[in-house]
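I have placed the structure first, in the form of structure tokens, so that the comments after it can refer back to it.
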Amino acid sequence: MKVRYLRPAKQMPEIYLYRAPVDFRKQANGLALLVEQELEHNPFSGALYAFTNRQRNKIKCVMWEDNGFVMYYKALAEEKFKCPKPADELLSLTGEQINWLLDGYDISLFKGHKKLQYDSLG
């Protein structure tokens, strides 16, 4: 597997995917304002927030790091990101899930095996 250096860390404790499309003319400060005003989260907490455009072919991730915002931007040449349908405005993700999304996987299909519970009759 190819090593990817410019990706969100898999150990990140807080990652959120904002599922409504966002105007991609917004830069880090505009996205931070959206986090604060619409989501009522603290944009300076160190959590990573991911946003997509209407066509779902671009993604921006924004997070505060010590003394400024870090922005990760990926634009696909031909395909679209497979984002879950918006049931809620915000979806909490793991570091592994955000990387799956960036790799093109449909994270709504990634479900574990059903939990089984047995009792012995003896």
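In this note's numbering, the protein residues as written are 40 to 161.
Idealized CB from N, CA, C, for every residue including glycine.
Test item: CB-CB of residue i and residue j under 8 angstroms
i: Phe63; j: Lys113; result: no
i: Ala86; j: Met110; result: no
i: Leu70; j: Lys99; result: yes
i: Arg46; j: Pro123; result: no
i: Lys119; j: Arg95; result: yes
Nearest to residue i (by Cα), restricted to the options the options
i: Ala48; options: Trp139, Glu79, Glu117, Lys121; result: Trp139
i: Ile146; options: Ser131, Arg46, Glu53; result: Ser131
i: Tyr55; options: Thr133, Leu148, Tyr144, Leu160; result: Thr133
i: Gly107; options: Val42, Phe83, Gln94; result: Phe83
i: His80; options: Glu128, Leu148, Tyr157; result: Glu128
i: Pro60; options: Glu117, Ala116, Phe90; result: Phe90
Residue i - partner residues in DSSP beta bridges
i: Leu140; result: DSSP, once it has assigned bridges, lists no residue as partnering Leu140.
i: Ser131; result: Tyr55
Supposed contact pair residue j and residue i - C-beta distance, whole angstroms, cut 8 angstroms
i: Lys121; j: Tyr88; result: The pair is not a contact, with the Cβ atoms about 19 angstroms apart (cut-off 8 angstroms).
Could you tell me which uninterrupted alpha helix (DSSP H) segments, each at least 4 residues in length, are contained entirely in the segment 52-117, listed from first to last along the chain? 67-76
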